[in-house]
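Residue numbers (the UniProt record's numbering): 1 to 111. Cβ atoms here follow ideal geometry from the backbone N, Cα and C, with glycine treated the same way.
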Amino acid sequence: MYVKRNETGQIVQAAREPTAECREFVPPCAPDLQAFMAEDEEFEGVDLSKTDLAFVRVLEDVIELLMDKGVISFTELPEAAQEKVMERQSLRRRLNGLQLVDSEDEEGGVI
């Protein structure tokens, strides 16, 4: 990111590409850039964690689709990922057995 600072050194503007005003390069992980982004009204109130659960389900579907099509095999996944996938599949089977998961959600297919 390229930034513009005020007279006290605080970031007051940021851009992805250099501009006439934003000429100083700052890595995205820089604490002062992170603080600026957190204060920016555009990002205020954005909570990515609210989408995490739905996104996990999408990833499960994508992994299953790739395995069904033979693009990847289960054993090609890192061991930690294999464990997480097996854990989720086991939990989902148990929840389905108890009718705690809506069958329409489960059989609605992949994205």
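Just to confirm before moving on: does the CB-CB distance between residue i and residue j stay below 9 Å?
i	j	result
Phe25	Pro31	no
Ala14	Val3	yes
Leu33	Ile11	yes
In or out: residue i buried (at least 16 other Cβ within 10 Å) or exposed?
i	result
Cys22	buried
Ile72	exposed
Phe55	exposed
Phe36	buried
Report the three-state DSSP secondary structure of residue i (helix, strand or coil).
i	result
Val12	strand
residue 113	Lying outside 1 to 111, the shown extent of the chain, residue 113 is not represented and no answer is given.
Ser3	It is worth fixing the name first, because residue 3 is Val in this sequence and not Ser. Three-state DSSP puts Val3 in a strand.
Glu24	strand
residue 114	Nothing can be reported for residue 114, as the shown portion of the chain is limited to 1 through 111.
Lys84	helix
Pro18	coil
For residue i, which residues in the same chain have their Cβ closer than 7 Å to its Cβ, ignoring the five residues on either side in sequence?
i	result
Phe74	Met67, Gln82
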